[in-house]
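These notes concern the structure reproduced below.
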Amino acid sequence: MNMTHYMGLLAANQPWNLIIFMAIPVICAETIAVTELAILFTRNLTGKLRLVNKITSIFVGIYFTGIFIYLLFNAVIPITSKGEWHGWIDVVAVGFYLLGIIPLLGMALLDLNIFYKNKSQEEKLKVHAFLVGMFLIFAHIAMIAGMVDPTIVSNMPTMGHNM
């Protein structure tokens, strides 16, 4: 079966790549989203849920920065320099996955009080909620595009997938 580099990465080295590149970031983002909803409804900005939310945000921001750097140098640059992209859908899948660095690192910087440090807790919460939503949108676009057989959206011949 033909697949994008995104799906090739997740399918290789089972189950570790799936856990490292998909499960950990998505479970963290979903944890953040759920705790964020509870915080928004209760307006409890200092409770245990906020602590879980903050720790998870900082962890996943730093964690995904490592993934971003690793994939940039070990996948994106080599694939680009060799002209091995499997069509535009492949670029969309990998590109949207890597765009996750913006909201995830943004949440970490926000919770580390590096970004938006002079704003109120409510203003920070609004930005935080926006960023987690942005990540979930990017991740879902990457997943959907990543599952498409690249040969049905381009005139590419059958290809292998080494990532």
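End of the sequence shown sits at 270 in the numbering used here; the numbers just go up one at a time, nothing left out.
Quick reminder that beta carbons are idealized off the backbone N, C-alpha and C, glycines included.
Between the CA atoms of residue j and residue i - distance to the nearest angstrom
i, j, result
"Leu147", "Ile248", "26 Å"
"Gly194", "Phe203", "15 Å"
"Thr138", "Met254", "24 Å"
"Ala118", "Ser227", "43 Å"
"Gly240", "Ala140", "8 Å"
"Trp192", "Phe128", "19 Å"
"Asn109", "Lys155", "46 Å"
"Lys233", "Ile221", "16 Å"
"Tyr170", "Ile131", "9 Å"
"Leu205", "Ala182", "11 Å"
"Ile126", "Asn120", "10 Å"
"Ile259", "Ala136", "31 Å"
"Ala252", "Leu158", "34 Å"
N- and C-terminal bounds of the alpha helix (DSSP H) containing residue i
i, result
"Val201", "Trp195 to Leu206"
"Glu191", "From DSSP, Glu191 is part of no alpha helix (DSSP H); its letter is neither H nor E."
"Arg150", "Note, Arg150: premise wrong, no alpha helix (DSSP H); not H, not E."
"Ile251", "Gln228 to Gly253"
"Met114", "His112 to Ala118"
Pair within 8 Å by beta-carbon distance, residue i and residue j
i, j, result
"Thr172", "Ile208", "yes"
"Pro210", "Phe166", "no"
Burial state of residue i (16 or more Cβ within 10 Å)
i, result
"Tyr177", "exposed"
"Ile196", "buried"
"Ser280", "Past the boundaries of the shown model lies residue 280; the chain is included only from 108 to 270, so the question cannot be answered."
"Pro122", "exposed"
"Asn160", "buried"
"Leu217", "buried"
"Thr149", "exposed"
"Gly115", "buried"
"His268", "Annotation note: pLDDT 48 at His268 (below 50); position unreliable, coordinate value reported separately. Burial call: buried."
"Gly285", "Absent from the model: residue 285. The displayed extent of the chain is 108 to 270, so no value can be given."
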